[in-house]
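For the sequence shown, the positions run 7 to 252 when this note's numbering is used.
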Amino acid sequence: MKNSGIFVMTILSMKRFLADIVTLSNLFLGCTALLYVCNQQFIPAFWLLFAAGWADFLDGLVARAVGSNSSLGVQLDSLADMVSFGVVPGMIMVQLLGIGMDQAPGFNWTLIGFMVTLFACIRLAIFNVKDTGSQDFSGLPTPSSTGFIAGWGLAYAHHPDQTWMVSPWVLALIVMVVSILMVSRLPMAGIKFKNWRWRGNELRYLMILSGILLLVFLQEWAFSVLIAWYVLLSVVLYFVRPSVHS
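Written out as structure tokens, the structure reads:
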């Protein structure tokens with residue numbers, strides 16, 4: 007009886023760390039993706055970041071399920087996000103810019119890519135001090151900005167003949183727009199569900215349906231297009247139906 011009691015207590019104590027383990031898996035996947043990005047292997051890097059995004063999505067659900075909402079978990083989540091959705095997308099842009107540098111000799115365009123990392127850091131810091139617990143956000147969430155950039159790298163890896171995709175001018179524009187969106191006050195719907203009802207989750211369900219259709223018809227192009235669609239829908243629905251964000 008004593009041994010079984012110790013076993014039960016051990017299991018119960020481990021439950022507190024389940025969400026942190028999921029968060030750390032996000033960090034591990036991001037670090038692994040970084041290795042692939044440094045070797046310009048954008049396809050495996052994309053799928054590792056895709057898995058990291060799911061880990062980021064699930065850690066909150068796990069924390070609520072086991073009743074573990076510690077301040078340590080909040081800090082771990084932010085630090086993991088900084089690597090997976092800050093450092094890695096910045097490095098993707100650096101690598102893509104490096105590939106396209108021969109189109110604009112005489113200037114080290116690659117360093118521009120790290121603007122994504124800097125603005126992701128600013129966004130995460132703002133989110134940490136201003137988190138209201140709302141499902142919605144101001145500005146583009148870092149997982150979404152990473153989805154666009156990683157999706158861009160994925161599409162280029164499948165279509166290296168599309169040299170316009172690594173034009174420094176095109177990539178610099180992407181860096182600028184994504185960076186500004188991350189720290190802007192544009193209303194963006196949160197994509198994490200707190201319940202499965204239709205009301206209040208209209209945009210989230212629409213995004214799921216859109217994602218499925220885009221994957222069917224656009225395949226590797228779908229991910230960047232989906233994020234652009236998400237930005238457009240968030241802004242339009244905010245002004246047309248503010249109640250969607252209530």
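Note that CB positions come from ideal geometry on N, CA and C, so glycine has one too.
Per DSSP, cross-strand counterpart(s) of F143: By DSSP's assignment, F143 forms a beta bridge with M194.
* Asked: From what residue to what residue does the alpha helix (DSSP H) around V241 run?
  -> First-last of the alpha helix (DSSP H) with V241: 228-246.
message = On the CB-based measure, 16 or more other CB atoms within 10 Å of its CB, does D167 come out buried or exposed?
response = With fewer than 16 other Cβ atoms within 10 Å, it is exposed.
Residues in the same chain with beta-carbon distance under 6 Å from T123, minus the five sequence neighbours each way, listed in chain order, please. Excluding residues within five positions, the ones whose Cβ falls inside 6 Å are G92, V93, G96.
| Whole runs of the alpha helix (DSSP H) within the segment 69-129, excluding any shorter than 4 residues | Counting only runs of at least 4 residues, the segment 69-129 fully encloses the following alpha helix (DSSP H) elements, listed from N- to C-terminal order: 77-88, 94-105.
What is the C-beta distance between G159 and V89, in whole angstroms, given that I count them as a contact (C-beta under 8 Å)?
Distance from G159 to V89 at the Cβ level is roughly 17 Å; contact not present, criterion being Cβ atoms closer than 8 Å.
Using the beta-carbon count (16 or more within 10 Å), is L18 buried or exposed? Because L18 sits at a pLDDT of 46, beneath the cut-off of 50, its placement in the model cannot be relied upon, and the following sentence gives the value as read from the coordinates. Residue burial annotation: L18 is exposed, with fewer than 16 other C-beta atoms found within 10 angstroms of its C-beta.
W170, buried or exposed, once every other Cβ within 10 Å from all chains shown has been counted against 16: Per the 10 Å Cβ criterion, exposed.
Would you decide whether V14 is buried or exposed? Buried here means 16 or more other CB atoms lie within 10 Å of its CB.
Reliability of the predicted coordinates at V14 is poor, the pLDDT of 42 falling under 50, and no value is obtained from them.
Next item on the list: Note down the Cα distance separating A126 from F223, rounded to an integer number of angstroms.
Entry: Taking the straight line joining both Cα atoms gives about 31 Å.
Checklist line | Limits of the alpha helix (DSSP H) - the one that T38 falls within | finding: Residues 24-44.
Query raised in the report: How many angstroms separate the CA atom of A61 from the CA atom of G145?
Result: Distance between the alpha carbons of A61 and G145 is about 21 Å.
### Query
CA-CA distance, E226 and L55?
One C-alpha to the other measures close to 15 Å.
Check: So what does DSSP say about P166, is it helix, strand or coil?
Finding: DSSP places P166 in coil when its eight states are reduced to three.
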